[in-house]
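Residue numbers (the numbering used here), protein chains in the order written: chain A, 4 to 121; chain B, 8 to 281.
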């Protein structure tokens with residue numbers, strides 16, 4: 004898988020899982036489908052940005068930091084639309100962004116396959 | 008063939024120039040094939056290395072080297088004969104340390120393995136050109152001042168080699184003999200305290216039977232790359248606990264990030280109800 008695809012897949016899966024954790028909050032449980040869809044879309048944007056960054060910069064630390072900042076900004080946008088739950092949305096969003104950034108830097112790497120000429 | 012006096016004078020002048028072109032300065036190495044001197048190239052005004060080959064050996068080494076253009080193989084500048092008839096060739100003078108000197112210094116395992124990869128690369132390249140080294144050993148590997156690795160002393164006869172690095176079937180002069188020597192070099196490079204996977208790679212490369220070794224240098228390099236990437240190597244079957252430790256080591260950043268997420272999420276649910 005290339006870096007963009009990894010970013011999109013990781014962003015979507017982690018975004019959806021992050022959205023599903025809202026099930027633990029009884030007052031928002033009724034709107035869980037909308038939360039999961041919004042969180043998945045946020046993850047896709049995060050993954051797209053992290054994947055594009057990974058194509059330009061080859062550094063795990065830079066990728067993690069970039070993903071974290073993008074995740075934080077996207078989560079801030081969602082929290083700002085609601086006007087509340089800033090901490091509850093921005094903290095997980097930034098860590099999910101960091102994980103997506105890490106995935107785009109690390110998992111396309113295949114030194115052994117390259118050495119074997121594959 | 009008739010040559011005019013003018014042509015003969017011209018040829019003499021070329022030979023005279025050639026004899027004076029290199030001024031020998033000091034001995035920098037001595038081996039079974041010949042002696043290497045640091046010399047001054049008076050024409051280009053630079054320091055070079057001159058290898059003067061001992062009588063039984065011909066210019067084959069310089070011809071082999073001249074046809075192996077690779078960053079890990081010392082380039083040949085010139086070739087000729089001394090007035091006494093001994094062949095010599097001029098090559099780049101490498102400033103740096105020999106591998107046996109490097110091994111006496113403490114270096115991280117990852118750095119040693121990346122160095123080993125750089126040793127393997129020119130050898131694999133030479134094999135692709137049907138050239139076998141036959142005498143790979145620490146004193147034939149130079150680490151230059153810019154971190155470049157150069158493999159020296161190519162083209163020795165199959166019967167010559169160095170104890171400890173010479174394959175049992177050395178006289179056949181095959182690729183397998185170089186794989187054997189690379190295995191011994193790896194052992195010398197990583198020492199006895201190396202991880203089991205690396206020791207197993209070295210042991211497989213230097214197995215007594217050629218059929219038990221890696222079939223070529225690329226296969227050996229591939230296993231080293233797998234180890235550096237945290238993947239299982241073909242030379243060693245790991246146990247469940249070793250597999251788990253390798254996975255943790257390989258994915259430690261990811262595990263840390265996921266743990267941070269779970270702890271933070273649990274804390275948010277516990278303290279804020281969301």
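Note that the Cβ used here is the ideal one computed from N, Cα and C, for glycine as well.
Within 10 angstroms of the Cβ of residue 140 of chain B, are there 16 or more other Cβ atoms? Answer buried if so, exposed if not.
Classification of residue 140 of chain B: buried, given that the 10 Å Cβ count is 16 or more.
Quick check on residue 33 of chain B: does DSSP put it in helix, strand or coil?
Residue state, collapsed to three classes: strand.
Kindly indicate if chain B contains any beta-carbon less than 8 Å away from that of residue 107 of chain A.
Residue 107 of chain A does not count as touching chain B.
At a Cβ threshold of 8 Å, is residue 241 of chain B touching chain A?
No, no contact with chain A.
For the beta strand (DSSP E) that residue 46 of chain B lies in, which residues bound it at each end?
Start and end: 41 to 48.
Just checking: is the beta-carbon of residue 118 of chain B within a distance shorter than 8 Å of some beta-carbon in chain A?
It does not; no Cβ of chain A falls within 8 Å.
Any beta carbon from chain A within less than 8 Å of residue 109 of chain B's own beta carbon?
No, its Cβ sits nowhere closer than 8 Å to a Cβ of chain A.
Specify the secondary structure class of residue 50 of chain A as computed by DSSP and reduced to three states.
Three-state result, residue 50 of chain A: helix.
Quick check: the Cα distance between residue 160 of chain B and residue 138 of chain B, rounded to an integer number of angstroms?
Cα-Cα distance, rounded: 12 Å.
Taking only the alpha-carbon atoms, compute the straight-line gap between residue 37 of chain B and residue 229 of chain B and give it to the nearest angstrom.
In a straight line, the C-alpha of residue 37 of chain B is about 34 Å away from that of residue 229 of chain B.
Any Cβ of chain B within less than 8 Å of the Cβ of residue 27 of chain A?
For residue 27 of chain A, the answer is yes, since a Cβ of chain B falls inside 8 Å of its Cβ.
Return the CA-CA distance between residue 216 of chain B and residue 195 of chain B, expressed in angstroms with no decimal places.
Each residue's alpha carbon lies about 20 Å from the other.
Name the two residues that bound the continuous alpha helix (DSSP H) containing residue 215 of chain B.
Looking at the DSSP string, residue 215 of chain B is not in any alpha helix (DSSP H), and its letter there is neither H nor E.
Just to confirm, is the Cβ distance from residue 54 of chain A to residue 7 of chain A under 8 Å?
Yes.
Mind checking which residues open and close the beta strand (DSSP E) that includes residue 79 of chain B?
Taken as a continuous stretch (DSSP letters only), residue 79 of chain B belongs to no beta strand (DSSP E), as it is neither H nor E.
Using CA coordinates, which residue listed in B:209, B:54, B:80, B:103 is at the minimum distance from residue 152 of chain B?
Of B:209, B:54, B:80, B:103, the residue nearest in Cα terms is B:103.
For chain E, is any of its Cβ atoms less than 8 Å away from the one on residue 260 of chain B?
The structure shown contains no chain E; its protein chains are A and B.
Since residue 196 of chain B meets chain A, which of its residues come closer than 7 Å, beta carbon to beta carbon?
The contacting residues do not exist; residue 196 of chain B stays about 18 Å from chain A at best.
Determine the burial state of residue 142 of chain B: buried for a count of at least 16 other Cβ atoms within 10 Å of its Cβ, exposed for fewer.
When all chains shown are included, residue 142 of chain B counts as buried.
Looking only at its chain, what residues have a beta carbon closer than 7 Å to the beta carbon of residue 85 of chain B, apart from the 5 residues adjacent to it on each side?
96, 97.
Locate the alpha helix (DSSP H) running through residue 64 of chain A, then write down its first and last residues.
Here the alpha helix (DSSP H) through residue 64 of chain A covers 63 to 85.
Between A:91, A:66, A:106, which has its C-alpha nearest residue 273 of chain B's C-alpha?
The option with the nearest alpha carbon to residue 273 of chain B is A:91.
Output yes or no for whether 8 Å exceeds the beta carbon distance between residue 15 of chain A and residue 50 of chain A.
In this structure, residue 50 of chain A lies closer than 8 Å to residue 15 of chain A by Cβ.
For the candidate residues A:37, A:22, A:47, whose alpha-carbon lies nearest to that of residue 12 of chain A?
It is A:47.
Using a Cβ cut-off of 8 Å (strictly closer), state whether residue 255 of chain B contacts chain A.
Not closer than 8 Å to any Cβ of chain A, the Cβ of residue 255 of chain B fails to qualify, so no.
Determine the burial state of residue 278 of chain B: buried for a count of at least 16 other Cβ atoms within 10 Å of its Cβ, exposed for fewer.
So residue 278 of chain B ends up on the exposed side.
Over what stretch of residues does the beta strand (DSSP E) that includes residue 105 of chain B continue unbroken?
Element bounds for residue 105 of chain B: 103 to 105.
Where does residue 56 of chain B fall in DSSP's three states?
If DSSP states are grouped into helix, strand and coil, residue 56 of chain B belongs with the strands.
Output the distance between the C-alpha atoms of residue 126 of chain B and residue 185 of chain B, rounded to the nearest integer angstrom.
Roughly 11 Å separates the two Cα atoms.
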